[in-house]
Amino acid sequence: MVVIFAVLFILLAILNIFFPAMGWHMRYGWMVKGDSGPSEAYLIMSRITSVIVLIIFFLFFLPSMFG
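Here the sequence shown is numbered in UniProt numbering, starting from 1 and rising by one per residue.
Spelled out as structure tokens, the structure:
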């Protein structure tokens with residue numbers, strides 16, 4: 001079960017790194033009328049946050065799962 005969570009977590013983080021606008025549209029896009037999208041600052045911060053979270057995951061949780 002933990003391995004499934006880890007794989008899902010990694011996939012979601014990678015998706016957010018490469019397609020951060022998709023997360024914005026799922027969370028906020030449905031509330032906005034018209035042609036609107038996330039700002040560049042939102043996209044950059046979303047990517048940076050995903051990279052940091054993925055690094056923390058690999059440093060702390062992955063070794064404890066297999067070690």
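C-beta atoms are modelled at their ideal positions from N, C-alpha and C, and glycine is treated no differently.
As the structure is a computational prediction, the values presented were derived from the model and not from experiment.
**Prompt:** Does the distance from the CB of SER39 to the CB of ALA13 come in under 8 Å?
**Reply:** no
**Prompt:** If you follow the alpha helix (DSSP H) that PHE66 is part of, which residue opens it and which one closes it?
**Reply:** For PHE66, the uninterrupted alpha helix (DSSP H) run begins and ends at 62-66, by DSSP.
**Asked** Helix or strand or just coil, what does DSSP make of PRO20?
**Response** helix
**Asked** With 16 as the cutoff for other CB atoms within 10 Å, does PRO20 come out buried or exposed?
**Response** So PRO20 counts as buried.
**Nearest residue (CA-CA) to GLY23, options LEU43, PHE66, LEU62 and PHE61** = LEU43
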